[in-house]
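What follows is a short report on a single structure.
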Amino acid sequence: MLDPTMPELTTNFHSTDSHDGAAPSRIAYMENALGVPFTHGNTVDALDNGDRIFPSMLAAIRSSHDHIELLTYIYWTGKVAQEFADALSERAKAGITVRVLLDSFGCSDISNKLVDQMTEAGVHVQWFRPVRRSIVKFDWRTHRKILICDGRIAFTGGVGIAEEWEGDARNPSEWRETHFRLRGPAVKGLSGAFWDNWIEEGEPPVKMMTASPNERPDGISLQVIRSNSGYRVSDAFKVLHSLLTLAQERIDIVTPYFVPEPDLLKLLCIRAEAGVRIRVLIPGEYTDRRFERRESARYFGELLEAGAQIYLYKKTMIHTKLVLCDQELAMFGSINFNRRSLLKDEEIGVVAASPTFVQTMRDKYEADLEYSDRIDPKTWRGPNMMESLTHYLLTPFRNQL
0 MLDPTMPELT TNFHSTDSHD GAAPSRIAYM ENALGVPFTH GNTVDALDNG
50 DRIFPSMLAA IRSSHDHIEL LTYIYWTGKV AQEFADALSE RAKAGITVRV
100 LLDSFGCSDI SNKLVDQMTE AGVHVQWFRP VRRSIVKFDW RTHRKILICD
150 GRIAFTGGVG IAEEWEGDAR NPSEWRETHF RLRGPAVKGL SGAFWDNWIE
200 EGEPPVKMMT ASPNERPDGI SLQVIRSNSG YRVSDAFKVL HSLLTLAQER
250 IDIVTPYFVP EPDLLKLLCI RAEAGVRIRV LIPGEYTDRR FERRESARYF
300 GELLEAGAQI YLYKKTMIHT KLVLCDQELA MFGSINFNRR SLLKDEEIGV
350 VAASPTFVQT MRDKYEADLE YSDRIDPKTW RGPNMMESLT HYLLTPFRNQ
400 L
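Going by numbering that gives the first Met the number 0, 136 is the number at position 137 of the sequence shown; the sequence numbering is gapless.
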């Protein structure tokens, strides 16, 4: 893995503009739609792929001196899984309060040895919504990925603690991912998302572990969206709907799982027909959910006819989750552009109001397009027989995708 202290490994940005240049009307729209204010004075680092993500997360854990909170949907196997268990265990043995919340479905493949190691070291390990506790709630998972160290630095995005994310996306065995490191007042929003899920399964702390993250005068504005499961209109739906509604020039989407909810599909088409450039980047040949990928093809025709552009990433599995709205707003976090994220999963999303950040992420988007094939609307003939069969068989389970 690469040295996490090397400056070229991250893209760090701040801005001195009010609201970082985003139009106040768009800030107001997002705040009214979600009921969540933006915080100011934050710093964000965009970390590409495991070779940059994991060293940065592990360095933050190892340098923590008060408390650590880790919430994840995926904690599986591999070298990095052991490294995290070792780092968390070492901090717990040093007397630091370490809490780890594992989704009982998504993390079911974790080695019992790793769990025992952490527990014996003093790590407080909890399982989110085990089936034995509530069959009704078992289908409502926490898909959030959050690491908070000392209440001052946080990480979120799509990365799982598993060997699939190791490396630098050089080949099909190394997934493509962008994860994010945050400092500033927005860390409190991520902390709140952790405690949302922890208190449901674990004992609340006698004294809430908090800190007062420092604001930077040259920092940026962030809005932290905590979307909860089991709601017909979730905050995950509202933030995506709001970004599509606000777009006047272009929307760029990258998502590993694309099974759009009907209202969002309709809105994508409406915006494309109105002249907004819509680009959607999803996995091509390399995907961990082949059935869901085949189901995605059912929506290509309608989008292409409306004028949207669809790209298939061909280098490896792409797991990045990002929406760029014009040159002013960007949304990252754990939210996928599929029905499960919008209807059944606890999610975390962060909206950045900054042309500087948007341009940084758009540059990464353009770089990923270099390894992608665009679907030609002139030659697109609709889903093949296997994709049509998959669509038919999955009809009763579409909200699981």
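Think of the CB as a built atom: it goes at the ideal place given N, C-alpha and C, for glycine as much as any other residue. Only a predicted model underlies this, so the values are computations on that prediction, with no experimental measurement involved.
- Message: Within 10 Å of its beta-carbon, does L388 have 16 or more other beta-carbons around it, so buried, or fewer, so exposed?
- Response: exposed
- How is E68 classed by DSSP in three states: helix, strand or coil? strand
- 8 Å contact criterion, which L266 and A21 should meet: CB distance rounded: Actually they do not touch by this definition, with Cβ atoms about 21 Å apart.
- When DSSP builds the beta bridges, which residues end up paired with P282? Y312
- Message: Less than 7 Å between the C-beta atoms of Y74 and I160, yes or no?
- Response: yes
- Query: Can you give the Cα-Cα distance for S62 and M56, rounded to whole angstroms?
  - Reply: 10 Å
- Query: Would you call the CB atoms of A86 and I60 closer than 7 Å?
  - Reply: yes
- Task: Evaluate T42 with the Cβ neighbour count: other Cβ atoms within 10 Å of its Cβ, from every protein chain shown; 16 or more gives buried, anything less gives exposed.
- Result: buried
- Message: Using a Cβ-Cβ cutoff of less than 6 Å, which residues in the same chain neighbour R140 once the five nearest sequence positions on both sides are dropped?
- Response: D102, F104 and D344
- How many angstroms separate the CA atom of C268 from the CA atom of R276? 11 Å
- Item | Neighbourhood of R278 by C-beta, 6 Å cutoff - its chain only, sequence neighbours within 5 removed | D251 and Q308
- Message: Please return the same chain residues whose Cβ sits closer than 8 Å to the Cβ of I109, not counting the five positions on each side in sequence.
- Response: Y74, W75, T76, A80 and L101
- Message: Can you look up R297 in the DSSP assignment and give me helix, strand or coil?
- Response: helix
- Task: Please go through the same chain and pick out, in chain order, the residues whose beta-carbon is closer than 6 Å to the beta-carbon of P376, but skip the five residues on each side of it.
- Result: L303
- Item | As assigned by DSSP and simplified to three states, the class of Y364 | helix
- Item | Element boundaries [beta strand (DSSP E), containing D195] | Counting along the chain, D195 falls outside any beta strand (DSSP E), though it belongs to the alpha helix (DSSP H) covering A185 to E200.
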